[in-house]
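Here the structure comes first, spelled out in structure tokens, and everything after it is commentary.
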Amino acid sequence: MPALTTLGNLIHKSNMTLTEAEFKFDSLQEFHAGFGFCSEDTTGVIPKVEYDSSTNTFTGFAIPIVDGIPQMKHYHASSFDDFKFIYDSSQIAPLLNVHTSQSIPTEHNPNNPPKPFILSAYGVDNKFTAMDVLRRWIYMSQLT
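Written as structure tokens, this is what we have:
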């Protein structure tokens, strides 16, 4: 997995909006054709909560994992009381789980490798099982 600064640069340069826990399968098929490989990695982050005005949700909490799939837009709050309840009852994520994809260079252009693609990113508390990971990868393989 690229370093966090590299991930930040990829997000900034891509002009693509990332929503926490959303898998960008459509964009993956648009930008990466042919064969490639995917990776999933978790890295420590400085825990903080932020408001995402585009989705009216709060990010930075540990996202619930249901059958291996992170629940997108889970921390929606319509009022300060909703936010206070979420903040008091949820764990701020100490880790970031990131899924990336890297196409394999073609023989037609071996010296210009494709850039890595961020498929999804979301906060976790590292409380998921091997079955959750297996279910997530089955889900991802069915949609790519």
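Numbering-wise (the working numbering), the sequence shown opens with residue 1435 and increments by one. Every residue gets a Cβ at the ideal spot worked out from N, C-alpha and C, and that includes glycine.
Distance, Arg1570 Cα to Phe1457 Cα: Here residue 1457 corresponds to residue number 23 of the sequence shown, with the count starting at 1. Here residue 1570 corresponds to residue number 136 of the sequence shown, with the count starting at 1. Whole-angstrom Cα-Cα distance: 11 Å.
Proximity below 9 Å, CB of Val1558 to CB of Leu1577: Start at 1 with the first residue of the sequence shown, and residue 1558 comes out as number 124. Start at 1 with the first residue of the sequence shown, and residue 1577 comes out as number 143. Their beta carbons are not under 9 Å apart, which means Val1558 does not touch Leu1577 by this criterion.
Buried or exposed by the 16-neighbour rule on C-beta atoms within 10 Å, applied to Gly1494: The count along the sequence shown starts at 1 and reaches residue 1494 at position 60. Gly1494 should be labelled buried.
First and last residue of the uninterrupted alpha helix (DSSP H) at Gln1576: Mapped onto the sequence shown, residue 1576 falls at position 142. Its alpha helix (DSSP H) spans residues 1564–1577.
Three-state secondary structure assigned by DSSP to Asp1486: On the sequence shown, residue 1486 is found 52 positions in, with the first residue counted as 1. Three-state DSSP puts Asp1486 in a strand.
Beta-bridge partners of Val1479, as assigned by DSSP: One-based indexing of the sequence shown puts residue 1479 at position 45. DSSP lists no bridge partner for Val1479.
Whole-Å CB distance - Ser1513 paired with His1533, under 8 Å assumed: By one-based count along the sequence shown, residue 1513 stands at place 79. By one-based count along the sequence shown, residue 1533 stands at place 99. About 33 Å separates the Cβ atoms of Ser1513 and His1533, ruling out a contact at the 8 Å cut-off.
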